[in-house]
Structures are given as C-alpha cells and as structure tokens.
Amino acid sequence: MIDALRIKSLGVIDEADVQFSPGLTVVTGETGAGKTMVLTSLSLLLGTRADSQTVRQGCEQAEVDGIFEVDDMVAARAQELGANVEDGELIVSRTVSAKGRSRAHLAGRPIPVSILADIGDSLVTIHGQADQMRLRQASVQRATLDETGDDQHQELLCDYAQAWKAAVDAKKRLDMARSHADERATRIEELTRITDQIRQLDPYPGEDDDLRTQTERLTNVEDLRAQVALAYACLRGESDETHLIDLLHRVQAAFADASRFDSTLDSFAQRAHTLRLDADSLADDAEAYLSTLNADPERLNALHQRRADLNRLLQGRAADATQLLEWEAQARAELEELTDPDVNEDSLAAELAQAQQRVLELGERLSTSRRHLADELSEHVDAELAALAMKGAHLNVELMHRKPNSTGCEDITFMLQPHPDAPARPVSRGASGGELSRVMLALEVALSHRATPRTFVFDEVDAGIGGRTATEVGARLARLARVHQVIVVTHLAQVAAYGDTHLVVHKEGGTARVTCVDGEERIDEIVRMTGSPTTSETARRHAKELILAATVPQSPCE
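Numbered per the UniProt record's numbering, the sequence shown finishes at 558, counting up by one with no gaps.
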C-alpha cells in the first residue's frame, strides 16, 4: 500500500505532503482545486508518460516522492535493481522538467521509466476513464475471468501455456526439417568431411605452437650450433685460455682466502661458489643441447607439411589447435543430432500430433473451468449491480469455441444487459461510461475475497449518479477497503461519508494544498459537498447522519 506522497511544483500544487492510511481514503475538494494533481502525481510514480505541461508555471521541474509498503516479491525486484528496501518500505521518486525530460528513481537509484511502470503494476491499480476503455478489451476480460479462479485453475492456465509452447516448438522443428532437407544433407556432408580430416590429422592442444618451435629450430640449426658452441666455449673452453668457470673458481678462492681477515666475506665466497655451480650446470646443458643439433631435411619437410595441413583446417574455424578441437566437439554433436534416426519428418510429425493432442485435452479442461467461473462471476456481479441502481442488469460472460491459440480454445466476451427489456450487448460496444464504471466496481468487489491485498484508486467511479446509488457505491468501496487499501476521488457526500481517512484539496489563489480533516472540519466539507452553507444546522445534522449511516451496512449483500 501507499503510505505517503510528497508533491512539489506539480500543476496548482506548490508543495504538499499527503498521508494515506489503510482502508478507504476519500479525496474531495472544489472543482479545479487540484484533486486530479494528486492522481497525476501517483500516476507518475507508476511509470505513466510525463507531460511537461504539468510542471507548475515558473518552476524548473516537478517532483513527486512516494513511500510504499511492498511485499517480498516487489522488494526482491527492487533489490535486483540495486534499490534498498528497509522495513518493507520502498521510496519511489519521479521528476519532470519544464523542458520535458523525466527521471525515475527507486530508493535513490536511477532506473528507466519502463521498469518503474513494471513495478508500478504490482503496487497500485488505478481505475479511471482509461481503465474503463481497458475493460472493453477482450484480453482484459479474459484475464479478469481467470483472476477469479483458485490455485487449481491457475495451475491449469500454466499447464496449458506450457503445452501450447511445446506444440509451437514441435511445429517449428517439423517445418524446419521439411523446408531445409537439402541444406541439412549438405550440412551433414560438410561436417562429416571436416571431422574426418581432423580425426585423420589427430592434432593435440597446443600442437601449432610446438610445430612452430620445431620448424624454427631445424631451419636455423647451423646458426644455433654456432651460437651455442660459442657460449659453451666461454663457459668451459678446452684450450689453455681462461674461461668463465675457471674465473669463478678463482673468485671463490680469493674471497675464501680474504675471509680469514674479515668473516663477512664468507658470504661472498659462498655466492661465488653458487655462481660457479650454476655456470657448470649451464655448460653441461649446452653440451647436451649441441649433441641434439643435427640437420634433418626430411623431418623439416614433414613439419612444414603438417603445419600446412593444420592451418588449412584452422581457416575459418579456429585460431589455434586447441580451439580447433573444441570446434570438432561441437561439430560432432551437431552431426549426431542431424543424423539421429529418431529425428526425421515422421518422428517430428508424431511429436507434433502428440503435443497438439495435449493442447486439446488441457484446453477442454480449461474451458470447463472457465465456464464454471463465468457462472459464478455473473452471479456475483449481478448482485452487486442490483445494489448499484442497476436492478435487473445481467453480466453474461460468454465463451465462444474457437481454434486453439496461446490463451485457450475460446473467445471470452463480457455481455451486459442493462435491464431485462434491453438486449445483451458486448461491453466493448454497448455499455456507457457510467455503466462501465459500476461494472468495474462490481468486478473488484466480487474479486476482492480472492485477491492479494493491494491498493486501488478510483477516479470518477461516481460520475453521473446520486441518491441511493451514490450511497451504495460508497458502501461497495468500503467493503473493498476491508481487504485492500482504497483511494477514491469523489464529489459526492454520500461516498465521502464512508471514508476512514478524508483528504481535502483546497485552492487558495493559484496554489493548492492538501489537508486531512476530521471532526467538525470533516462535517464542514460534507456540508459543502451537499451544496449547503456550513452555518446551516439542518445541513450539519444531515452531514452527521451521513457519516453515522456509513458505519452501518447499506446493502443486503453485506
């Protein structure tokens, strides 16, 4: 639910802090006072499109902040985006500049407005003229009917969706097999040829580097022999000349002799000894290496040929021998799938038929469940409509069989019969705005006992009504508020009397402010809404009677 709104520089509102409570909150005020700005600010927090015209004249930008109590699912989604949720509260912010730029934040973290809209769907449901238009859509009517179903129905919806996806995937595989038969044969031939060549060459990981090293060695064997021989001669020459090992031996002896007079030179002598041993070992290695340096033209030609064979296989497939072996593994897996005897047109056709049969079976079960839900929903909504001055009205949820699609095997249409003498017509064409608003309210009340607690906002739900009907609308909103947080913008005293919290939007000069009224101030506002002077004792008694009556059940459906 929403706990608070902070509005700054939005329309006629300079700055306002609005506190909401559980239950039913009513928002009232004179026409033009700025009630719509409260809804506009809330809509901005839910990701609706921003309009720079709503920025207060003379201000650079409008700002809206909201504090929402969120469930674990929304909290987890916010935390994925890097926003902190403390004690189950999430702060949502939106700014709109006078130049048209809009920014959104979750707990101070910038996010795209599209994500804000996605999260907003889980926070608040706003019912206004736009939502009346949404109710005319077949997809919304179908979703509304399915929403009335229990866990078993929801599981059936999930099973059907999975079966439909499986059938679609099976159809794609069969179509691909049929349309790409020639390409498939060509691909099999190509993969077979290349993998056979790789198998015959039998490379090993890193072989290309080894071949390069061996080729360089054999190609430059004479230069190698000359240079290594020179190094060996410098380390351990066989002539009478003094060489490195002899010099290091003398250095060690000199330090050892000098250490008799200064013991710190012992370490010098030891280091010279280590150097002489390393040089001696290096000479042995050089001598052994020289013994392996033999010109081998045949071996060199074989290396060049293998490098050429390997490079030919690498071209367009891999950068080195290691990657080529990885490519081969993937190619063999693809080849195995392409040549699988179980994967052919006949087997794929059988798989598709089985998947389609599964869709039909689940579709029939889903249709049966929906027909049962349709009867229940019609009964509940009819009872609510009767109390909303539409006695004799009937909402028929019509299910027309059709070819299976992703949502089921029927088209779902809400048919409204306003009174017994009128023909039933689809709400998408035959229902007026006032009738639709009451149908929406009746649906929400009928669904309230099965829905997870959330926040509903109603705008213009009381348009075009009055008297006893207005009282019943207020009663229905109060019933809905027993389970959910409900916020309603109203101009009718009969509806406002049911509020647990009463917010009044006042306009003073060119600035609006929002206050929470109670006691005598609330009586004043109820009297104003009836069109009577606040000094009239009769009007004040009537206002008190409205508030007192609002605490008493107003409908036989209670």
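Glycine residues also receive a C-beta, built at the ideal position from the N, C-alpha and C atoms.
Please classify residue 575: does DSSP put it in a helix, a strand, or coil?
Since the first and last residues shown for the chain are 1 and 558, residue 575 lies out of range.
Could you compute how far the alpha carbon of Glu545 sits from the alpha carbon of Leu156?
Rounded to the nearest angstrom, the two C-alpha atoms are 50 Å apart.
At which residue ranges does the stretch 32-114 contain complete beta strand (DSSP E) runs of 3 or more residues, listed in the order of the chain?
61-69, 89-97, 102-106, 109-111, all fully within the stretch 32-114.
Could you have a look at Gln485 and say whether DSSP puts it in helix, strand or coil?
Here Gln485 sits in strand by DSSP.
What does DSSP give as the partner residue(s) for Phe261 in the beta ladder?
DSSP output for Phe261 lists no bridge partner at all.
Cutting at 6 Å between CB atoms, please list the residues of its own chain near His502, excluding the five before and the five after it.
Cβ neighbours of His502 within its own chain (closer than 6 Å, five residues either side excluded): Val26, Val517, Arg522.
Minimum length 3: unbroken beta strand (DSSP E) runs contained in the stretch 292-349:
DSSP runs (the beta strand (DSSP E)) wholly in the stretch 292-349: none.
In the DSSP assignment, what are the bridge partners of Lys507?
In the DSSP assignment, Lys507 forms a beta bridge with Ala512.
Alpha carbon to alpha carbon, what distance is there between Ala318 and Leu324?
About 5 Å.
Assign Arg109 to buried or exposed, taking buried as 16 or more other Cβ atoms, counted over all protein chains shown, within 10 Å of its Cβ.
Label assigned to Arg109: exposed.
Taking Ala104 as the reference, give the member of Arg425, Ser139, Thr48 with the closest Cα.
If you compare the alpha carbons of Arg425, Ser139, Thr48 with that of Ala104, the shortest gap goes to Thr48.
Could you compute how far the alpha carbon of Asp208 sits from the alpha carbon of Pro297?
Rounded to whole angstroms, Asp208 to Pro297 spans 20 Å at the Cα level.
Just to confirm my understanding: we take Val18, look at its own chain, exclude 5 residues before and 5 after, and list those with CB closer than 6 Å. What are they?
Once the five neighbours on either side are set aside, the close Cβ partners of Val18 are Leu5, Val514.
Please classify His419 as buried or exposed, where buried requires at least 16 neighbouring CB atoms within 10 angstroms.
Under this definition His419 is an exposed residue.
Between which two residues does the alpha helix (DSSP H) containing residue 564 stretch?
What the structure shows of the chain is the stretch from 1 to 558, and residue 564 is not part of that stretch, so it cannot be assessed.
First and last residue of the beta strand (DSSP E) that includes Asp3?
Counting along the chain, Asp3 sits inside the beta strand (DSSP E) bounded by residues 2-10.
My understanding is that Ala98 touches Val168, with C-beta atoms under 8 Å, so please give their C-beta distance in whole angstroms.
A Cβ-Cβ separation of about 49 Å leaves Ala98 out of contact with Val168 under the 8 Å criterion.
Put Met176 into one of helix, strand or coil per three-state DSSP.
Reduced to three states, the DSSP call for Met176 is helix.
Using only the alpha-carbon positions, how far apart do Arg371 and Leu145 sit?
Each residue's Cα considered, the two are about 10 Å apart.
Using CA atoms only, rank isn't needed, just tell me which of Ala470, Asp151, Ala442, Asp459 is closest to Leu366.
When C-alpha distances from Leu366 are compared across Ala470, Asp151, Ala442, Asp459, the shortest belongs to Asp151.
Residues sharing a beta bridge with Gln417, DSSP:
Partner(s): His394.
With distance defined between alpha-carbon atoms, name the residue in Glu364, Leu385, Leu548 nearest to Arg402.
The residue with the shortest Cα to Cα distance from Arg402 is Glu364.
If you draw a straight line from the alpha carbon of His542 to that of Ala549, how long is it in whole angstroms?
His542 and Ala549 have their C-alpha atoms some 10 Å from each other.
Do the CB positions of Ala355 and Ala138 come within less than 8 Å of each other?
For the pair Ala355 and Ala138, the CB atoms are not nearer than the 8 Å cut-off.
Beta-carbon proximity of Ala62 to Ser21, cut-off 8 Å
No, the pair does not count as a contact, with Cβ atoms beyond the cut-off.
Taking all protein chains shown into account, do 16 or more other C-beta atoms lie within 10 angstroms of the C-beta of Gly11, making it buried, or fewer, making it exposed?
When all chains shown are included, Gly11 counts as buried.
Could you check if Lys172 is buried or exposed, using at least 16 other CB atoms within 10 Å of its CB as the buried criterion?
Lys172 counts as exposed, since fewer than 16 other C-beta atoms from the protein chains shown sit within 10 angstroms of its C-beta.
C-alpha distance - Arg468 paired with Met440, whole-angstrom precision
Cα-Cα distance, rounded: 19 Å.
By Cβ distance, which residues of its chain are closer than 6 Å to Met37, with the 5 residues on each side in sequence left out?
The beta carbon of Met37 lies closer than 6 Å to those of Leu10, Gly11, Ile13 in the same chain, with the five residues before and after it left out.
Could you check the C-alpha separation between Ser43 and Ala383 for me, to the nearest Å?
Approximately 32 Å between the Cα atoms of the pair.
May I ask which residues mark the beginning and end of the alpha helix (DSSP H) holding Gln214?
In this chain, the alpha helix (DSSP H) harbouring Gln214 covers 207-219.
In three-state terms, what does DSSP make of Arg236?
Assignment of Arg236 by DSSP, reduced to helix, strand and coil, places it in the helix class.
According to DSSP, is Asp462 helix, strand or coil?
Reduced to three states, the DSSP call for Asp462 is coil.
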